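In my numbering, the protein residues as written are 425 to 542.
Here it is, written out as structure tokens:
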């Protein structure tokens, strides 16, 4: 299967490009805020939503089955690099270099920010 090209997106672009959305963007696009909150947890969702609303996500890239970005936090010199992939049965598998990330299915606030931004 041919790989689709990596595409830079902005949170404002994502909801308007329905026919060209990647599988992960399509999946997240069907989710309500409450559904994202169930996936990430309440506190992670609330903090992540704030990051998304404050446009704290840089280099948001749609890579087909995955979306990655860097979350810029004011008190941290380096941004947190975060990737979210579609897992089996429409689950999400994440990676983040922050201290709050709890493993591939223990999503942090930075993962929530990316899901909300989509």
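The beta-carbon is built from N, C-alpha and C at its ideal position, and this holds for glycine as well. Predicted model only: the values in this text are computed from it and were never measured.
Can you find the residues in the same chain that come closer than 8 Å, C-beta to C-beta, to residue i, ignoring five residues on each side of it along the sequence?
i: residue 489; result: 446, 447, 448, 509 and 510
i: residue 473; result: 457, 536, 537 and 540
Could you pull the start and end residues of the alpha helix (DSSP H) that residue i belongs to?
i: residue 467; result: 466 to 477
Taking 6 Å as the limit between beta carbons, can you name the residues of its chain near residue i, skipping five residues before and five after?
i: residue 530; result: none
i: residue 533; result: 468, 471 and 472
i: residue 527; result: none
i: residue 519; result: 507
Going by beta-carbon coordinates alone, are residue i and residue j separated by less than 9 Å?
i: residue 495; j: residue 506; result: yes
i: residue 497; j: residue 480; result: yes
i: residue 453; j: residue 542; result: yes
Taking residue i as the reference, which of the options has the closest Cα?
i: residue 524; options: 483, 464, 459 and 455; result: 464
How close, in whole Å, do the beta carbons of residue i and residue j come, if the pair is a contact with beta carbons under 8 Å?
i: residue 504; j: residue 483; result: Going by Cβ atoms, the distance from residue 504 to residue 483 rounds to 12 Å, so no, they are not a contact pair.
i: residue 514; j: residue 451; result: 6 Å
Taking the beta strand (DSSP E) that residue i falls in, what are its first and last residues?
i: residue 482; result: 481 to 486
i: residue 491; result: 490 to 495
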